[in-house]
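Colleague:
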Amino acid sequence: MRWVVFLLVLLVIAAPARARDLQLELSDDRVDITTGFNGTKVVLFGTANVPDADLVIVLKGPERTMAVREKGRVLGMWMNRETVEFRRVPSYYDFATTLSESALARNPEFLADNKIGVDYLDFYPEDDSEEPETLSRFRDALIRSMQEKGFYLIKAHNLRFIDENLFKANFDLPPGVPTGIYQVEAMLVKDKEVLAKETKTLQVGQVGFNARVYLFAANHSFFYGVFAVVMALVSGWSAFTFLRRD
Amino acid sequence: MQIYLPIAEMSVPAESLAILGVAVGFLSGVFGVGGGFLATPFLLFMGIPPAIAVGTQANQLIATSVTGVLGHMRRGNVDMHIGSMMLIGGMVGSVIGIFLFQLLEHFGHIDLFISVSYVLLLGSIGVMMLIESVAAFLNRAKVTEDVQSLAMKPFFRDLPYKTRFIKSRLYISALMPIGVGLLGGLMISVLGIGGGFIMVPAMIYILGMPSLLVPGTSLFQIVFISAFSCILHAVANGTVDIILALVMTAGGVVGAQVGVRAARRIKGAPARIALALIIIGVCFRMMGQLFLQPSDVFTLDVMS
Chain A
105 MRWVVFLLVL
115 LVIAAPARAR
125 DLQLELSDDR
135 VDITTGFNGT
145 KVVLFGTANV
155 PDADLVIVLK
165 GPERTMAVRE
175 KGRVLGMWMN
185 RETVEFRRVP
195 SYYDFATTLS
205 ESALARNPEF
215 LADNKIGVDY
225 LDFYPEDDSE
235 EPETLSRFRD
245 ALIRSMQEKG
255 FYLIKAHNLR
265 FIDENLFKAN
275 FDLPPGVPTG
285 IYQVEAMLVK
295 DKEVLAKETK
305 TLQVGQVGFN
315 ARVYLFAANH
325 SFFYGVFAVV
335 MALVSGWSAF
345 TFLRRD
Chain B
363 MQIYLPIAEM
373 SVPAESLAIL
383 GVAVGFLSGV
393 FGVGGGFLAT
403 PFLLFMGIPP
413 AIAVGTQANQ
423 LIATSVTGVL
433 GHMRRGNVDM
443 HIGSMMLIGG
453 MVGSVIGIFL
463 FQLLEHFGHI
473 DLFISVSYVL
483 LLGSIGVMML
493 IESVAAFLNR
503 AKVTEDVQSL
513 AMKPFFRDLP
523 YKTRFIKSRL
533 YISALMPIGV
543 GLLGGLMISV
553 LGIGGGFIMV
563 PAMIYILGMP
573 SLLVPGTSLF
583 QIVFISAFSC
593 ILHAVANGTV
603 DIILALVMTA
613 GGVVGAQVGV
623 RAARRIKGAP
633 ARIALALIII
643 GVCFRMMGQL
653 FLQPSDVFTL
663 DVMS
């Protein structure tokens, strides 16, 4: 099945590709979350037609506002003491590249300019009057926590070329992956210059029965509540009627 | 097998949920308790957000209480008059509870509030129950004290809106059952427990109801308050997950069947000792969360 998709993708991008330096295609432009969803892989292909250029592909989830809370001890109990809210935090972030780890480490300005890597994400605090050290502590905690959940990368993936021009990349989405519109951005890089950029969107969302439940709850919350109550009443009543204890 | 919860938007092991449902059902079968005190903490331990755990538990409570109340109604052990007074208080309590919940969640203290309340409630009730049941087990004689109910004490006796509750043979201020109901509504909407542990003694010692009518009347008002609270949670917070509720209910039905059979063998004081130990166990687990150093002092909340 993968290979059929792969060949189709090849056909689509091979014909008119010559004119453009960078082409990108997702094997599937949506990730369907069903009841049995347990994480998945996002596969993408593309062609790069500049010799000796490097490639960076970033996958970024929808932006959210997130509160980072720090616990402290009060009367022996651990409770949240301080909160910093950050805006426009990507709910998922991962990238793959042909650049080596050492090459990445040597070019912090390039990474910063193009916002590549978790250290250069441009989310910002809701309240900018906070102390810089506090901010960086909470920022680090946010990134660490997202990494632990599997939503942010720990180390860049290796991107490989299948032949001279054709490349393929995989991204892993964990079971609890945030839903929404994801951005896939590919950059063709030579001598710290971005030669070409291509973006695609990926929709991650619930489908089928799950989606119906979700939409019902979101759009008609009152009737959803009533429905949930009726369901519980019926199951309680049937347990009484059919499973009588005497 | 993982199951994706559409409202919680997370994937959880279905087996654990079903086992939790069975355990809760078993307890309700053996002891006639709602089991919310077990279900809500374990949902939290599984990493389900407090709002979803409590909202869904409100839904779960409806099912278990309906099953219970129907039995009591058939035997005529429900005082609807006093029950509906409690119901009024319970509705008010639920609305206050939902606001309180949102407020606590906004300031990031909902986990703390739930943990502290559980530790206090379960700790005190578990210990009292353990002492009582161990004493009963050793003496094998039931000590009954005829205590005067709070409603008969001077201040409470003079409260306005005196009402005659024929079935319970009480002449007390309607504010008393309303107040007790308010407490119940708060517990359902903030802690996700029907609070039979609290309500039953409260109805006996505060209102002075005859103990025969207490369980049925308590369940009667829980059905309505949890239904009301469930709809409020769905509308105000969008945190009632019917898939989560379904899996737990399915497990609960199985557990209740086993529990009812087991109840014929486990009886009286030893059963109450076991229940007291379970309650104290959950209390300790909650205390651990409160007092032990967490592996990470930072937590992350998605606000929008």
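Residue numbers (our numbering), protein chains in the order written: chain A, 105 to 350; chain B, 363 to 666.
Even for Gly, the Cβ is constructed at its ideal location relative to N, Cα and C.
(1) Beta-carbon of Asn314(A) versus every beta-carbon of chain B: anything under 7 Å?
(2) What do you reckon, are the CB atoms on Leu292(A) and Val154(A) nearer than 7 Å?
(3) Looking at the secondary structure, which residues open and close the alpha helix (DSSP H) in which Glu252(A) lies?
(4) Using the beta-carbon of each residue, which ones in chain B are nearer than 9 Å to Gly340(A)?
(5) When you compare only the Cα positions, how much space is there between Met183(A) and Asp473(B)?
(6) Using a Cβ-Cβ distance under 7 Å, would Val333(A) count as near chain B?
(7) Taking Ile487(B) and Ile641(B) to be in contact with their CB atoms under 8 Å, please state how far apart those CB atoms are, rounded to whole angstroms.
(8) Relative to the C-alpha of Thr418(B), which candidate in Ser657(B), Gln655(B), His595(B) and Gly643(B) has its C-alpha closest?
(9) So, is the C-beta of Ile137(A) closer than 7 Å to a C-beta in chain B?
(10) Using 7 Å as the limit for Cβ to Cβ distance, is Pro368(B) near chain A?
(11) Please identify, using Cβ separations under 7 Å, the residues of the region 279-290 of chain A that lie next to chain B, in order along the chain.
(12) According to DSSP, what are the bridge partners of Trp182(A)?
(13) Under 7 Å Cβ to Cβ from Gly621(B), same chain only, skipping five residues before and after it: list those, please.
(14) Using a Cβ-Cβ distance under 7 Å, would Ala121(A) count as near chain B?
(15) Could you tell me which chain A residues have their CB closer than 8 Å to the CB of Ser361(B), listed as they occur along the chain?
(16) Would Ile214(A) pass as a contact of Ala260(A) if the rule is Cβ separation under 7 Å?
(17) Is Ser427(B) closer than 7 Å to Leu545(B) when the C-beta atoms are compared?
(18) Taking C-beta to C-beta, are Pro539(B) and Met448(B) nearer than 7 Å?
(19) If you drop the 5 nearest sequence neighbours on each side, which residues of the same chain put their C-beta closer than 6 Å to that of Gly221(A)?
(20) Thr661(B) versus chain A: which residues are under 8 Å apart at the beta carbon?
(21) I want to verify the contact list: residues of chain A whose CB lies under 7 Å from the CB of Asn501(B), in sequence order.
(22) Give every residue of the same chain whose Cβ lies closer than 8 Å to the Cβ of Pro278(A), excluding the five residues on either side of it in the sequence, and list them in chain order.
(23) If you run the structure through DSSP and keep just helix, strand and coil, what is Pro656(B)?
(24) Check the Cβ-Cβ distances between Asn142(A) and every residue of chain B, and say whether any is below 7 Å.
(25) Given that Gln310(A) touches chain B, what residues does it touch there, using C-beta distances under 9 Å?
(26) Does any residue of chain B bring its CB to less than 7 Å from the CB of Leu347(A)?
(27) Which residues in the same chain have their Cβ closer than 6 Å to the Cβ of Phe463(B), if we skip the five residues on either side of it in sequence?
(28) So with CB distances below 9 Å, who are the chain B contacts of Thr355(A)?
(29) Alpha carbon to alpha carbon, how far is Gly396(B) from Phe586(B)?
(30) Against chain A, with Cβ distances strictly below 7 Å, would Thr439(B) count as a contact?
(31) Spatial neighbours of Gln655(B) within its chain, please: CB distance less than 7 Å, with the 5 preceding and 5 following residues excluded, ordered by chain position.
(32) Do we get a CB-CB distance below 7 Å when we pair Val620(B) with the residues of chain A?
(33) Any idea if Glu377(B) is buried or exposed, counting beta-carbon neighbours within 10 angstroms, 16 or more meaning buried?
(34) For chain B, check one thing: does any of its Cβ atoms lie closer than 7 Å to the Cβ of Gly180(A)?
(35) Within 10 Å of its beta-carbon, does Ala624(B) have 16 or more other beta-carbons around it, so buried, or fewer, so exposed?
(36) Whole angstroms are fine: how far does the CA of Gly485(B) sit from the CA of Val478(B)?
Modeller: Checking against the coordinates, here is how it stands:
(1) As a first step, residue 314(A) must be located in the first sequence, where it is residue number 210. Yes, Asn314(A) counts as interfacial toward chain B.
(2) Locating residue 292(A) in the first sequence gives position 188, counting from the first residue. Locating residue 154(A) in the first sequence gives position 50, counting from the first residue. Yes, the Cβ-Cβ distance between Leu292(A) and Val154(A) is below 7 Å.
(3) Numbered from its first residue, the first sequence carries residue 252(A) at position 148. For Glu252(A), the enclosing alpha helix (DSSP H) begins and ends at Pro236 to Glu252.
(4) Against the first sequence, residue 340(A) aligns to sequence position 236. Correct list: Ile424, Ala425, Thr426, Ser427, Val428, Thr429, Gly430, Val431, Leu432, Val585 and Thr611.
(5) As a working mapping, residue 183(A) is identified with position 79 in the first sequence. As a working mapping, residue 473(B) is identified with position 111 in the second sequence. Roughly 9 Å separates the two Cα atoms.
(6) Working through the first sequence from its first residue, we reach residue 333(A) at position 229. Chain B contact via Cβ: present.
(7) Here residue 487(B) is taken as the residue at index 125 of the second sequence, counted from 1. Here residue 641(B) is taken as the residue at index 279 of the second sequence, counted from 1. About 6 Å separates the CB atoms of Ile487(B) and Ile641(B); that is less than 8 Å, so the two are in contact.
(8) Counting from 1 along the second sequence, the entry for residue 418(B) is found at position 56. Of the candidates Ser657(B), Gln655(B), His595(B) and Gly643(B), the one whose C-alpha sits nearest the C-alpha of Thr418(B) is His595(B).
(9) Start at 1 with the first residue of the first sequence, and residue 137(A) comes out as number 33. So yes, Ile137(A) belongs to the interface.
(10) Here residue 368(B) corresponds to residue number 6 of the second sequence, with the count starting at 1. By this cut-off, Pro368(B) is an interface position.
(11) Pro279, Gly280 and Thr283
(12) The residue labelled residue 182(A) in the question sits at position 78 within the first sequence. Its beta-bridge partners are Arg177(A).
(13) Locating residue 621(B) in the second sequence gives position 259, counting from the first residue. Result list for Gly621(B): Gly387, Phe388, Leu389, Ser390, Gly391 and Val392, in chain order.
(14) In the first sequence, the residue the question calls residue 121(A) occupies position 17. Any reading at Ala121(A) needs caution, since the residue's pLDDT is 43, under 50, leaving its predicted position unreliable; the model's value is listed next. Ala121(A) does not count as touching chain B.
(15) The structure shown does not extend to residue 361(B), since chain B is modelled only from 363 to 666, so the question has no answer here.
(16) Within the first sequence, numbered from 1, the residue matching residue 214(A) stands at position 110. Within the first sequence, numbered from 1, the residue matching residue 260(A) stands at position 156. The sequence given here has Phe at residue 214(A), not Ile. Not a contact, by the Cβ cut-off of 7 Å.
(17) In the second sequence, counting from the first residue as 1, residue 545(B) sits at position 183. In the second sequence, counting from the first residue as 1, residue 427(B) sits at position 65. Not closer than 7 Å, so no.
(18) Along the second sequence, read from residue 1 onward, the residue named residue 539(B) stands at position 177. Along the second sequence, read from residue 1 onward, the residue named residue 448(B) stands at position 86. Against a cut-off of 7 Å, the Cβ pair of Met448(B) and Pro539(B) comes out as a contact.
(19) Within the first sequence, numbered from 1, the residue matching residue 221(A) stands at position 117. Leu215, listed in sequence order.
(20) In the second sequence, the residue the question calls residue 661(B) occupies position 299. Near Thr661(B) (Cβ distances below 8 Å), the residues of chain A are Val172, Arg173, Lys175, Asn184 and Ser249.
(21) Walking along the second sequence from the start, residue 501(B) turns up at place 139. The contacting residues do not exist; Asn501(B) stays about 30 Å from chain A at best.
(22) Taking the first residue of the first sequence as 1, we reach residue 278(A) at position 174. Only Gly143, Lys253, Gly254 and Phe255 meet the Cβ criterion.
(23) In the second sequence, counting from the first residue as 1, residue 656(B) sits at position 294. Correct three-state label for Pro656(B): coil.
(24) Looking up residue 142(A) in the first sequence gives position 38. Yes, contact with chain B.
(25) In the first sequence, counting from the first residue as 1, residue 310(A) sits at position 206. Under the 9 Å cutoff, chain B gives Tyr366, Pro368 and Glu371.
(26) The residue you call residue 347(A) lines up with position 243 of the first sequence. Yes, because at least one Cβ of chain B sits closer than 7 Å to the Cβ of Leu347(A).
(27) Numbered from 1 along the second sequence, position 101 holds the residue referred to as residue 463(B). Around Phe463(B), the same chain offers Val552 as residues with beta carbons nearer than 6 Å, after the five sequence neighbours per side are excluded.
(28) The question about residue 355(A) has no answer here: the residues shown for chain A are numbered 105 through 350.
(29) The count along the second sequence starts at 1 and reaches residue 396(B) at position 34. The count along the second sequence starts at 1 and reaches residue 586(B) at position 224. Using only the alpha carbons, I get a separation of about 15 Å.
(30) Counting from one through the second sequence, the residue named residue 439(B) turns up at place 77. The amino acid occupying residue 439(B) in the given sequence is Asn; Thr does not appear at that position. False, the Cβ-Cβ gap to chain A never drops below 7 Å.
(31) On the second sequence, residue 655(B) is found 293 positions in, with the first residue counted as 1. Closer than 7 Å at the Cβ level, and outside the excluded window around Gln655(B), lies no residue.
(32) As a working note, residue 620(B) is residue 258 in the second sequence. Judged by the 7 Å Cβ criterion, Val620(B) is not in contact with chain A.
(33) Taking the second sequence and counting its residues from 1, one reaches residue 377(B) at position 15. So Glu377(B) ends up on the exposed side.
(34) The residue given as residue 180(A) occupies position 76 in the first sequence. Yes, contact with chain B.
(35) Taking the second sequence and counting its residues from 1, one reaches residue 624(B) at position 262. Exposed.
(36) Taking the second sequence and counting its residues from 1, the one referred to as residue 478(B) is at position 116. Taking the second sequence and counting its residues from 1, the one referred to as residue 485(B) is at position 123. Distance from the CA atom of Val478(B) to the CA atom of Gly485(B), rounded to whole angstroms, is 10 Å.
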